Ligand code: ME8
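As structure tokens, this is what we get:
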């Protein structure tokens, strides 16, 4: 099998931050996982170096665009090794072969009649590098950049995107895995339910020269998105190379939701026009936020990957990001969260298991793996290991990294319990129970070998150390191939090597002292008062104040399997959250996307059909002949998502 996995090519108007690092860690981890599964893999990342934004940034620094892009692009390519990210190709859109490929494709699409010249007036956001529709604006501003777009009128070239709208809808409907998670697929389908406008794909050289000249009109350069998306083809030698033949059919792109539209609409329609097969899959993740705000340079709340690596270590950063974020949803970064993961999951659970097990082996057998007793029917570790390997393989393949890791941690947790229940130190005192001791020690070390194998894609450096400690060569199939994920690969008589602790604990005392004291007493008093005052079915003003009502915007909706009544809603209020609402009998998912509704925002989360619901949507219950129906509550004019209802 073959795998081709890509990240976005990042703009060089800013240095890499945790958001870029996350996407690239995801792609690297997936590439390593597919290699573990035996695939021949190509993993590509790179930098996007043309366009208004870059020209502006270079101008600000008073250097030429080329000098500027060379410098920042190197910052990206230099960052990846520090995160143990190893792409097979780092593409730059200023590379000569890319420029030639873009011009080739433009000519091809032009000759086909899919590009025409026209006059256009639109609202242009420099941050997004694209024209926005009125509908996309919030309070007249671009919701991502909080800036008022410029109204621009100019003559330009247009790509007949609308011509391919129906083909694209059919493709998305016929291929449920084309865009995942499902909420983004629904978002795209909902967008495509309105007529698609054609795409402006040029910029006059009077306004911008830092771009690829159109091959059929040198008074224009190529719009940066039309140029950038083609990187996925250039990087594998489109159209003639062997690599293109083996990899294009299996292409998978990883992006965050900010660039869903270019990837889910522009790119597939471009491919349809070129007569090429569409990419296989688009994997869309959410944002890393800091204090509920998207991390971005313009807001100035960026977390630098290099600083994280310095503070916590590379594998801790990789593990933390993959374990903490549910792929598809937003996540919040905080130093406390990463320290907690490091101390609990890595130092306590994994690190302790490794050091306790190996220390006992060194003590009781001189560090030599013993032969387990064949007749011993202790299969507890082996049984769970088999299930964990199955779950892990499925979830890693589905980009559910947090679930795959949670499954692996079940195995770690059982192994730690296994030590306590079997008390190897007691067995060691009774020579007649040596066979039992050997089985227990073997089972623990075979578990460590499996952990070394399964954690490879996520923590490659640590796994090399773990393999070395277990006396296994770091490139041995025993720790680098899923074929060896069955029980019993570890050979008796293998000799351990002493290694340092895998994850030293971090000191949290200092932080705790700085934390402000909690205001518990006041709250408790309030609760007491509440009970006594609630006598006549009336509530006090204080009690009402406890209820937090907010306006939420529904950004995605999907049915819930096995439930006719419930819909799973993703809402912005202003942070993103999931609410399970009993409205499925009255509303179709696609009809509620974009609505602003009232919610109770401070309800304790509850699980409904296995999904955690973080709030409640308010609706009017209308009693009619033959039953009742629900009508969602709304505000009389659009307001920013998350506005409090007073
Ligand atoms: O959009 N959380 O480049 P870009 C999670 N050049 N991921 C984040 C993030 C955050 N807060 N911030 C950025 C471009 N990212 C175009 C792409 S592709 C043909 C052209 C990650 O530098 C995430 O992957 O703005 C997001 O999609 C990407 O960086 C945007 O990078």
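Residue numbers (our numbering): 20 to 665. The beta carbon of each residue, even a glycine, is placed where N, CA and C say it ideally should be. Here the structure is a predicted model, which is why all the values come from computation and not from measurement.
In the structure shown, residue 294 adopts coil according to DSSP, grouped into three states.
Per DSSP, residue 578 is one residue of the beta strand (DSSP E) stretching across 568-578.
Counting C-beta pairs closer than 8 Å gives fewer than three between the segment 405-414 and the segment 338-348, which falls short of the contact rule. Within a 10 Å sphere around the beta-carbon of residue 381 sit fewer than 16 other beta-carbons, which makes this residue exposed. A distance criterion of 7 Å places the beta-carbon of residue 50 beyond contact range of the ligand ME8, judged by its closest non-hydrogen atom.
Counting of Cβ neighbours within 10 angstroms places residue 657 among the exposed residues, the total staying below 16. Just measuring C-alpha positions, the residue of 217, 171, 665 and 218 sitting nearest residue 226 is 171. Residue state for residue 659 is assigned as coil, using DSSP reduced to three classes.
Burial is judged here by how many other beta carbons sit within 10 angstroms of a residue's own beta carbon; residue 244 has at least 16 and is buried.
For the pair of segments examined, the segment 445-461 was found to touch the segment 372-390: the number of CB pairs separated by less than 8 Å reaches three. Counting the other Cβ atoms within 10 Å of the Cβ of residue 212 gives fewer than 16, which makes it exposed. The beta carbon of residue 466 is closer than 7 Å to those of 400, 404, 430 and 434 in its chain, skipping five residues each way along the sequence. Annotation: residue 475 to residue 655 spans about 54 Å, alpha carbon to alpha carbon.
Secondary structure of residue 647 (DSSP, three-state): strand. Shown here for residue 619: same chain residues with a beta carbon closer than 8 Å to its own, the five before and five after excluded, namely 566, 567, 568, 634, 635 and 637 in chain order.
Every alpha helix (DSSP H) of 4 residues or more that sits fully in the segment 105-181 is shown, in chain order, as 115-130. Leaving aside the five residues that flank residue 308 on each side, the residues in its chain whose CB is nearer than 8 Å to its CB run, in chain order, 314, 349, 350, 351, 352 and 594. Contact fails between the segment 495-504 and the segment 513-527, because fewer than three Cβ pairs, one in each stretch, are under 8 Å apart. The Cβ neighbour count for residue 221, taken over all protein chains shown within 10 Å, is at least 16; the residue is labelled buried. In this structure the segment 233-250 lies against the segment 125-135, because at least three pairs of beta carbons, one per stretch, are closer than 8 Å.
Beta-bridge partners of residue 636 (DSSP): 618.
Using a Cβ-Cβ distance cut-off of 8 Å, the segment 76-92 and the segment 137-152 are not in contact, since fewer than three pairs of beta carbons, one from each stretch, lie closer than that value.
Per DSSP, the continuous beta strand (DSSP E) segment holding residue 223 begins and ends at 221-223.
When distances are taken from the beta-carbon of residue 106 to the heavy atoms of the ligand ME8, even the shortest one reaches 7 Å or more. Residue 275 is bridged by DSSP to 304. By DSSP's assignment, residue 25 forms a beta bridge with 63 and 272.
The C-beta distance from residue 21 to residue 265 rounds to 5 Å, short enough to meet the 8 Å contact threshold. Looking at 70, 66 and 119, the one whose alpha-carbon comes closest to that of residue 99 is 66. Per DSSP, reduced to three states, the secondary structure at residue 604 is coil, with no helix or strand assignment. Under a 10 Å Cβ-count criterion, residue 615 is classified as buried, with 16 or more other Cβ atoms of the shown protein chains found around its own Cβ. With a cut-off of 8 Å on Cβ pairs, the segment 567-583 is in contact with the segment 592-607, counting three or more such pairs. Residue 590 is bridged by DSSP to 573 and 596. Per DSSP, the unbroken beta strand (DSSP E) holding residue 236 starts and ends at 236-241. In the DSSP assignment, residue 232 forms a beta bridge with 240. Exposure of residue 79 is indicated by the presence of fewer than 16 other C-beta atoms within 10 angstroms of its C-beta. DSSP lists 307 as the beta-bridge partner residues of residue 350.
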